[in-house]
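Undergrad: From first to last, the protein sequence lines are chains A and B.
For the first sequence, my numbering begins at 40 and goes up steadily by one.
For the second sequence, my numbering begins at 28 and goes up steadily by one.
Glycine is no exception: its CB is placed at the ideal position from the N, C-alpha and C atoms.
Bear in mind the structure is a predicted one, so any value in this text is a computation, not a measurement.
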Amino acid sequence: MTTRTHPLRTTPWLTGMREAIPLLGGYVPVAISFGLIAIQAGFTTWEATLISVLIYAGASQFLFIGMAAAGAPLWLVVAMTLLINVRHLVYAPNLAPWLTASRHWPWLMHGLTDQVFALAHSRLPQLPEHQRLSWYTGAAMLAWASWIAGTALGAIAGDWLMAQWPLLGEVMPFALPALFLVLVMPRFTSRRWSLALCLTIATAMACTLAGLTNLGIPLAALCGALCFYLVKFDSRHTGGAHE
Amino acid sequence: MSNALWLAVLASALGTYLIRVLPLLWMRRRLRRFGDDDMDAMPQWLGILGPLMIAALLGVSLVPRHPDATAWLATAIGVAITLLVWYRKRSLGWPVAAGVAAYGMVVILAGMR
Chain A
40 MTTRTHPLRT TPWLTGMREA IPLLGGYVPV AISFGLIAIQ AGFTTWEATL ISVLIYAGAS
100 QFLFIGMAAA GAPLWLVVAM TLLINVRHLV YAPNLAPWLT ASRHWPWLMH GLTDQVFALA
160 HSRLPQLPEH QRLSWYTGAA MLAWASWIAG TALGAIAGDW LMAQWPLLGE VMPFALPALF
220 LVLVMPRFTS RRWSLALCLT IATAMACTLA GLTNLGIPLA ALCGALCFYL VKFDSRHTGG
280 AHE
Chain B
28 MSNALWLAVL ASALGTYLIR VLPLLWMRRR LRRFGDDDMD AMPQWLGILG PLMIAALLGV
88 SLVPRHPDAT AWLATAIGVA ITLLVWYRKR SLGWPVAAGV AAYGMVVILA GMR
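1) Answer with buried or exposed for Phe213(A), where buried requires no fewer than 16 other C-beta atoms within 10 angstroms of its C-beta.
2) DSSP three-state call for Ser185(A): helix, strand or coil?
3) Distance, Cα to Cα, Glu58(A) vs Ile195(A)?
4) Take Val284(A) as the anchor and find which of Gly77(B), Lys116(B), Ala129(B) has the nearest alpha-carbon.
5) Roughly how many whole angstroms lie between the Cα atoms of Ala191(A) and Thr84(A)?
6) Considering only residues of the same chain and omitting the five flanking positions on each side of Phe267(A), which have a CB-CB separation below 7 Å?
7) Apart from the five residues just before and just after Thr247(A), which ones in its own chain have a Cβ nearer than 6 Å to its Cβ?
8) For a contact meaning CB atoms closer than 8 Å, what does Gly42(B) contact in chain A?
9) Counting only Cβ pairs nearer than 7 Å, list the residues of chain B close to Glu86(A).
10) Can you tell me which of the three DSSP states Lys271(A) falls into?
11) Would a C-beta distance cut-off of 8 Å place Leu207(A) and Ser161(A) closer than the cut-off?
12) If you pair each beta-carbon of the segment 33–42 of chain B with each one of the segment 82–96 of chain A, do three or more pairs fall below 8 Å?
13) Suppose the cutoff is 7 Å on Cβ atoms and the five residues either side in sequence are ignored; what does the same chain contact list for Trp52(A) look like?
14) Drop a sphere of 10 angstroms on the beta-carbon of Trp146(A), count the other beta-carbons inside from all chains shown, and report buried for 16 or more, exposed for fewer.
15) Straight-line CA distance for Leu163(A) to Gln154(A)?
16) Can you tell me where the alpha helix (DSSP H) with Pro216(A) in it begins and where it stops?
17) If I measure Cβ to Cβ from Pro61(A) and keep anything under 6 Å in the same chain, skipping five residues before and after, which residues do I get?
18) Using 8 Å as the threshold, is the C-beta distance between Gly105(B) and Ala82(B) below it?
19) Compute the distance between the beta-carbons of Ala35(B) and Leu113(A), then report whether it is under 8 Å.
20) Arg47(B) to Arg117(B), Cα distance in whole Å?
21) For Ala70(A), tell me which candidate among Ala260(A), Met56(A), Gly193(A) has the shortest Cα-Cα distance.
22) Work out the CA separation of Trp144(A) and Leu51(B) for me, nearest whole Å.
23) Kindly indicate which three-state DSSP category Pro70(B) falls into: helix, strand or coil?
24) For Leu134(A) and Met69(B), what's the separation of their Cα atoms in angstroms?
25) Using a Cβ-Cβ cut-off of less than 8 Å, list which residues of the segment 128–141 of chain A approach chain B; keep chain order.
26) Compile a chain-ordered list of the residues in the segment 188–211 of chain A whose CB is closer than 8 Å to at least one CB of chain B.
27) Applying a beta-carbon distance threshold of less than 7 Å, which residues of chain B neighbour Leu151(A)?
28) Could you work out which residues of chain B lie near Val155(A), taking near to mean beta carbons separated by less than 8 Å?
29) Are any of the Cβ atoms in chain A nearer than 8 Å to that of Met69(B)?
30) Assuming contact is defined by CB atoms lying nearer than 8 Å, are Ile78(A) and Phe101(A) in contact in what I supplied?
31) Please name the residue, chosen from His149(A), Ala188(A), Ala118(A), that lies closest to Tyr66(A) on a Cα-to-Cα basis.
32) Looking at chain B, is there any beta carbon in it that lies within less than 8 Å of the beta carbon of Thr54(A)?
33) Roughly how many angstroms separate the alpha carbons of Gly86(B) and Trp113(B), rounded to a whole number?
34) For Thr102(B) versus Leu89(B), is the C-beta spacing smaller than 8 Å?
35) On a Cα-Cα basis, can you pick out the residue from His149(A), Gly74(A), Glu209(A) that is closest to Arg92(B)?
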């Protein structure tokens, strides 16, 4: 843990919220779509919103309402929902070295989505210990609230919104790849890491183009890890560093 | 929504939460056993998977929802502008805002043709 910490000059939870704002560009349009599709599948506004409050996992929620509306056996609906979310298993252990002893952390893991993980994995090591809980709470709460509010909005007025501002729904989601790009760039620290990261990005893109978006995330990461283990450059060039 | 469907929602919610929280409890126990400052507590493969999962999320999100020529061009220009601003600012918000603005400009200009 050699990362240098930079204390925040403003309130940590406010900074967390501010830094989570780019997530909204991706969350709100997708949440609006979810609310709209849930209504079309026969769920009420309250039901759609509660699903977003409780499950809070984008892709698996779409699958859940799709399968449930199609009359699939409920055990299969639950199993498929959880299968999509299995990738989240590796997130918390990667944050654990930077989490404090507070008993609030396990509860806050409800908010550990892909995007919140990516943000926290980059930012928590840079914050002093006493500011981390507050920062994470601010970031995770804003993301959760935007997902819930977006779902409700989509359920109530999704049709109208999509007709009024079709471009907004097309443009705003680019905030997510832009954010991930900014979070990934500092990881290009050696040729070994660069190759593994590029292979992961390319594999994930190929999987998505092939229609395997959810499988693509863990599969691409595993390909990258395999590459990292198999391809080793001369340590005089790489500095032998993992980070 | 029927009671059975509510049960399915609750089971999915609980299962998803456990997927997120149980690995934290496991890792915390390992950290306590190895000592807080000892990075050996983190299995190497797990530490490598962290950044690679973010790279995979980048790859998945880079593919436009309607992957036509305009969307790919907007993505390429959006990525280039995001990188350029990140290189100059080394911050989080500005590169994302500039990238989205560039992406939006390309989509709007292409729509005007």
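TA: In short:
1) buried
2) helix
3) 28 Å
4) No information on residue 284(A) is available, as it lies outside the stretch 40 to 282 that chain A covers here.
5) 6 Å
6) Arg231, Ala235
7) Gly255
8) Val117, Thr120, Leu121, Asn124
9) Met28
10) coil
11) no
12) yes
13) Ser173, Trp174, Thr176, Gly177
14) exposed
15) 14 Å
16) 214–223
17) Ala214, Leu218
18) no
19) yes
20) 30 Å
21) Gly193(A)
22) 9 Å
23) coil
24) 10 Å
25) Leu128, Val129, Tyr130, Ala131, Pro132, Asn133, Leu134, Ala135, Pro136, Leu138
26) Leu206, Glu209, Val210, Met211
27) Arg47
28) Simply none; closest approach about 10 Å.
29) yes
30) no
31) Ala188(A)
32) no
33) 18 Å
34) yes
35) Glu209(A)
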